[in-house]
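Reviewing the structure listed below.
Residue numbers (the UniProt record's numbering): 1 to 61.
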(Lines of atoms letter the chains of each structure in order from A and count residues from 1; the text may use other names and numbers.)
(Lines give C-alpha, C1' and ligand atoms only; values in the text may rest on other atoms or scores of the structure.)
Protein backbone atom coordinates (compact mmCIF):
# COMPACT_ATOMS: atom_id res chain seq x y z
CA UNK A 1 0.00 0.00 0.00
CA UNK A 2 2.19 2.75 -1.33
CA UNK A 3 -0.37 5.36 -0.28
CA UNK A 4 -0.01 4.29 3.36
CA UNK A 5 3.75 4.68 3.23
CA UNK A 6 3.24 8.14 1.74
CA UNK A 7 1.05 9.22 4.66
CA UNK A 8 3.58 7.85 7.14
CA UNK A 9 6.50 9.62 5.51
CA UNK A 10 4.54 12.89 5.36
CA UNK A 11 4.28 12.65 9.17
CA UNK A 12 8.03 11.93 9.32
CA UNK A 13 7.44 8.69 11.21
CA UNK A 14 9.04 5.27 11.09
CA UNK A 15 7.07 2.05 10.90
CA UNK A 16 8.15 1.39 14.48
CA UNK A 17 6.77 4.72 15.68
CA UNK A 18 3.39 4.19 14.02
CA UNK A 19 3.18 0.66 15.39
CA UNK A 20 4.05 1.75 18.92
CA UNK A 21 1.53 4.59 18.89
CA UNK A 22 -1.16 2.20 17.64
CA UNK A 23 -0.24 -0.53 20.13
CA UNK A 24 0.49 -3.13 17.46
CA UNK A 25 3.66 -5.08 16.62
CA UNK A 26 5.95 -3.47 14.04
CA UNK A 27 5.80 -6.63 11.94
CA UNK A 28 2.01 -6.33 11.79
CA UNK A 29 2.17 -2.70 10.73
CA UNK A 30 4.87 -3.49 8.14
CA UNK A 31 2.69 -6.28 6.68
CA UNK A 32 -0.23 -3.87 6.40
CA UNK A 33 1.92 -1.22 4.73
CA UNK A 34 3.33 -3.80 2.31
CA UNK A 35 -0.17 -4.97 1.41
CA UNK A 36 0.40 -8.47 2.78
CA UNK A 37 -2.47 -8.16 5.23
CA UNK A 38 -5.53 -5.98 5.65
CA UNK A 39 -6.14 -4.38 9.04
CA UNK A 40 -9.25 -4.96 11.11
CA UNK A 41 -11.59 -1.96 11.22
CA UNK A 42 -10.31 -1.20 14.72
CA UNK A 43 -6.67 -1.18 13.62
CA UNK A 44 -7.55 0.76 10.48
CA UNK A 45 -9.13 3.46 12.65
CA UNK A 46 -6.06 3.61 14.92
CA UNK A 47 -3.59 3.88 12.04
CA UNK A 48 -5.72 6.45 10.21
CA UNK A 49 -6.07 8.60 13.31
CA UNK A 50 -2.30 8.65 13.83
CA UNK A 51 -1.51 9.43 10.18
CA UNK A 52 -4.43 11.76 9.47
CA UNK A 53 -6.65 10.12 6.86
CA UNK A 54 -10.08 8.51 6.59
CA UNK A 55 -9.84 4.91 7.82
CA UNK A 56 -12.30 3.61 5.20
CA UNK A 57 -9.63 4.04 2.50
CA UNK A 58 -8.28 0.65 3.62
CA UNK A 59 -11.47 -0.98 2.36
CA UNK A 60 -12.09 0.97 -0.85
CA UNK A 61 -10.52 -1.64 -3.15
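Note that the Cβ used here is the ideal one computed from N, Cα and C, for glycine as well.
For residue 18, the nearest candidate out of 46, 53, 55, 57 (CA to CA): Checked all of 46, 53, 55, 57; the closest Cα to residue 18 is 46.
Taking 7 Å as the limit between beta carbons, can you name the residues of its chain near residue 16, skipping five residues before and five after? Contacts found: 26.
Buried or exposed by the 16-neighbour rule on C-beta atoms within 10 Å, applied to residue 10: Around the CB of residue 10, fewer than 16 other CB atoms lie within 10 Å, so the residue is classed as exposed.
Runs of alpha helix (DSSP H) wholly within the UniProt domain "HTH cro/C1-type" (4-58) (minimum 4 residues, chain order): Those alpha helix (DSSP H) runs which fall completely within the UniProt domain "HTH cro/C1-type" (4-58) and span 4+ residues are 15-22, 26-33, 41-51.
Per-residue burial, residue 41 [other beta carbons within 10 Å of its own, 16 or more giving buried]: Exposed, since its Cβ has fewer than 16 Cβ neighbours within 10 Å.
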